[in-house]
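Notes follow once the structure below has been shown.
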Ligand code: ADP
Ligand code: ADP
């Protein structure tokens, strides 16, 4: 389970203090697909980056699987991050590495042996449907294929949580649907908790169980998608 308790995140800027996340309380259960929707500047990226410690709350607690992220030692935070995968709008692949080597990268960092890496990467390539593309470079792939590489890489260390930062926003509608279908399959197969941020309502409607609506750093509505969006 993941909980945010009275989380506030402020940034000091030349123009004064910006409150990017303003007193947010959330509970996300294991195996849920949880969507956060809002316009640009609402605080979604800042919020999602607090789940894996890329941002630290100014006040309040972010608790992931029983651990308060802000209280972990650097070593423990590194271990925790291996269990929290992340995918991005612009994929963040390594351009000089092949598909295989991109997916292998987090396993190398984790110190996994070469033979285990090979077996694991091949399994991940099958899972995301990239058989035959192992030796391609990112520049030779379509947007959807690049995101499949991103997904495979994010799953390499068997995470319990997957964070998706506008993961389909750079893709056309049909490719968006294919990637969302893949995320649903992975959610079911692995009982993986998925937290996604988006500005696109159809992404929330298509795959999310729960949704939080953000405005000016605040969660103004949250609950099951049907309840939040389908009521008169
Ligand atoms: P969203 O992801 O919903 O577009 P963000 O979390 O990126 O929103 O931004 C929320 C607010 O916080 C915006 O006003 C943004 O300019 C500000 N902000 C985000 N990151 C920083 C930062 N590192 N320094 C200063 N302001 C920031
Ligand atoms: P750079 O800082 O030049 O972008 P990095 O080697 O730090 O290069 O990271 C490149 C990409 O690889 C990043 O976008 C990041 O998402 C990904 N990456 C880095 N470390 C890991 C990791 N431990 N697990 C998964 N992906 C990672």
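Numbering (this note's numbering), first residue to last: 168 to 399.
All C-beta atoms, glycine included, are put in the ideal place defined by N, C-alpha and C.
Treat the numbers as computed from the prediction; the structure is a model and nothing was measured.
Residue of the options minimising C-alpha distance to residue i
i	options	result
residue 373	396, 381, 382	396
residue 225	174, 271, 273, 191	174
residue 266	243, 241, 185, 300	300
residue 202	363, 221, 337	363
residue 334	384, 194, 212, 176	212
residue 216	206, 171, 184	171
residue 219	227, 207, 206, 246	246
residue 327	258, 390, 360	360
residue 208	259, 366, 390	366
residue 290	384, 376, 323	323
residue 268	306, 296, 320	320
residue 292	221, 270, 308	270
residue 295	345, 274, 307	345
residue 274	288, 222, 262	288
residue 386	309, 169, 214, 185	214
residue 352	227, 375, 186	375
residue 256	318, 262, 391	318
residue 258	228, 311, 223	311
residue 306	342, 244, 264	264
residue 342	330, 308, 223	308
residue 221	368, 330, 392	330
Heavy atom of ligand 1 within 7 angstroms of residue i beta-carbon
i	result
residue 178	yes
residue 187	yes
residue 207	yes
residue 336	no
residue 226	no
residue 278	no
residue 184	no
residue 365	no
residue 181	no
residue 202	no
residue 210	yes
residue 343	no
residue 213	yes
Check: residue i C-beta below 7 angstroms from any heavy atom of ligand 4
i	result
residue 281	Looking for ligand 4 in the displayed structure turns up nothing; the ligands present are ligand 1 and ligand 2.
8 angstroms contact criterion, which residue i and residue j should meet: CB distance rounded
i	j	result
residue 188	residue 210	5 angstroms
residue 370	residue 347	7 angstroms
residue 379	residue 394	The pair is not a contact, with the Cβ atoms about 12 angstroms apart (cut-off 8 angstroms).
Buried versus exposed call for residue i [16 or more other C-beta atoms within 10 Å across all chains shown]
i	result
residue 183	exposed
residue 276	exposed
residue 381	buried
residue 205	buried
residue 384	buried
residue 313	buried
residue 298	exposed
residue 261	exposed
residue 377	buried
| request: State whether the region 246-265 contacts the region 279-298, with contact taken as three or more CB pairs (one from each stretch) at a distance under 8 angstroms. | output: Counting Cβ pairs under 8 angstroms, fewer than three are found: no touch.
| message | When you compare the region 232-241 with the region 284-293, are there three or more beta-carbon pairs, one atom per stretch, that lie closer than 8 angstroms? | response | In short, these stretches do not touch, since the Cβ pair count stays below three.
| request: Mind the definition here: the region 262-282 touches the region 345-359 only if three or more C-beta pairs lie below 8 angstroms; say whether that holds. | output: Not touching, per the Cβ criterion.
| task | Could you say if the region 189-199 and the region 239-246 meet the contact criterion of at least three C-beta pairs nearer than 8 angstroms? | result | No: the two stretches stay apart, fewer than three of their Cβ pairs being nearer than 8 angstroms.
| message | With three or more beta-carbon pairs closer than 8 angstroms as the criterion, would you say the region 330-349 touches the region 178-193? | response | Contact between the region 330-349 and the region 178-193 is absent, because fewer than three Cβ pairs lie under 8 angstroms.
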